[in-house]
Amino acid sequence: MEMFNESEYYDESFGELRFEEEKLEGVRFYDCVFTDCHFAGTAFRDCKFSGCSFVRCDLNGVRIADTAFAQASFTGSKLVGVNWTEADWPRIAVPGLLKFEGCTLNHATFIGLELPQCVFNGCLAKDVDFREANLAQADMRDTDFSESLFGDTDLRGADFSDAVNYQIDPGANRLSQAMFSLPEALSLLHHMDIRLNEE
């Protein structure tokens with residue numbers, strides 16, 4: 194399907210597009226808005242999304258080889274099974290590259306990525322791999338982290354208020370100044386060689 198014929202798009206709004214199981218290469222999007230669009234299974238290669246917003250979009254299983262994201266936001270969108278390590282990331286840590294609000298991120302991979310001050314707010318993030326990632330000062334509030342992996346993850350100053358089902362070993366992750374809510378924060382004690390008296 195021929196849909197994106199230009200090499201660059203600025204301040205464009207795209208609504209209700211169906212571009213599933215397609216391929217898109219070398220296209221740049223700047224400050225564009227995608228609303229109710231369907232991109233499931235599409236392969237983006239060497240593309241760029243800078244300052245773009247995705248609202249209620251289906252991006253399940255998209256492939257993002259060598260594709261760059263800068264200050265990109267996703268709201269109420271589905272991004273199941275996305276391997277974010279395939280994307281093109283800056284050589285130095287840039288704060289706030291990604292923002293997810295009310296999204297489904299199950300089975301995604303962020304292993305080893307530099308994502309300080311990113312937002313994962315009100316999301317479903319089951320079986321997500323955050324190992325070795327830099328999530329310092331990230332907003333992780335009100336998100337379900339069932340079966341997600343944290344190991345050698347930089348979570349200093351991260352906010353896990355009202356987040357649930359996380360399994361984080363304080364001895365294997367950096368947690369200085371991170372914020373957690375009770376009673377869920379008691380799960381942090383399960384990794385310590387202690388016994389809890391619940392009386």
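In this text, residue positions in the sequence shown follow our numbering: the first is 194, and each later residue adds one.
Quick reminder that beta carbons are idealized off the backbone N, C-alpha and C, glycines included.
Note that the structure is a prediction, hence the values are computed from the model and not measured.
Handout entry: Integer-rounded CB distance, given that Thr260 should sit under 8 Å from Cys240
Key = For this step, residue 240 is matched to residue 47 along the sequence shown. For this step, residue 260 is matched to residue 67 along the sequence shown. The pair is a contact, with the Cβ atoms about 4 Å apart (cut-off 8 Å).
Handout entry: For Ser246, the three-state DSSP class (helix, strand or coil)
Key = Mapped onto the sequence shown, residue 246 falls at position 53. Ser246: strand per DSSP, three-state reduction.
Practice task
Using DSSP bridges, identify the partner residues of Asp347.
Solution key: What you label residue 347 is simply residue 154 of the sequence shown in a count that begins at 1. Answer is Asn327 and Arg367.
Exercise for the section: May I have the straight-line CA-CA distance separating Asn358 from Cys245, to the nearest angstrom? Expected result: As a first step, residue 358 is located in the sequence shown; it is residue number 165 there, counting from the start. As a first step, residue 245 is located in the sequence shown; it is residue number 52 there, counting from the start. Using only the alpha carbons, I get a separation of about 30 Å.
Handout entry: Outcome for Asn198 when other beta-carbon atoms lying within 10 angstroms are tallied against a minimum of 16
Key = Translated into positions along the sequence shown, residue 198 becomes position 5. Asn198 counts as exposed, since fewer than 16 other beta carbons sit within 10 angstroms of its beta carbon.
Exercise for the section: Tell whether a beta-carbon distance below 9 Å holds between Phe323 and Phe353. Expected result: The residue given as residue 323 occupies position 130 in the sequence shown. The residue given as residue 353 occupies position 160 in the sequence shown. Contact flag unset, no.
Problem - Assumed close pair Leu298, Ala318 - CB separation to whole angstroms, cut-off 8 Å - result: The sequence position of residue 298 within the sequence shown is 105, counting from 1. The sequence position of residue 318 within the sequence shown is 125, counting from 1. 5 Å between Cβ atoms; contact.
Exercise for the section: Return the CA-CA distance between Gly364 and Ser243, expressed in angstroms with no decimal places. Expected result: If you number the sequence shown from 1, residue 364 lands on position 171. If you number the sequence shown from 1, residue 243 lands on position 50. So the alpha carbons of these two residues sit roughly 37 Å apart.
Problem - Sequence-distant residues of its chain with Cβ nearer than 6 Å to Thr366 (five each side left out) - result: The sequence position of residue 366 within the sequence shown is 173, counting from 1. Here residue 366 is Asn; the residue named in the question, Thr, does not match the sequence. Only Phe343, Thr346 and Leu348 meet the Cβ criterion.
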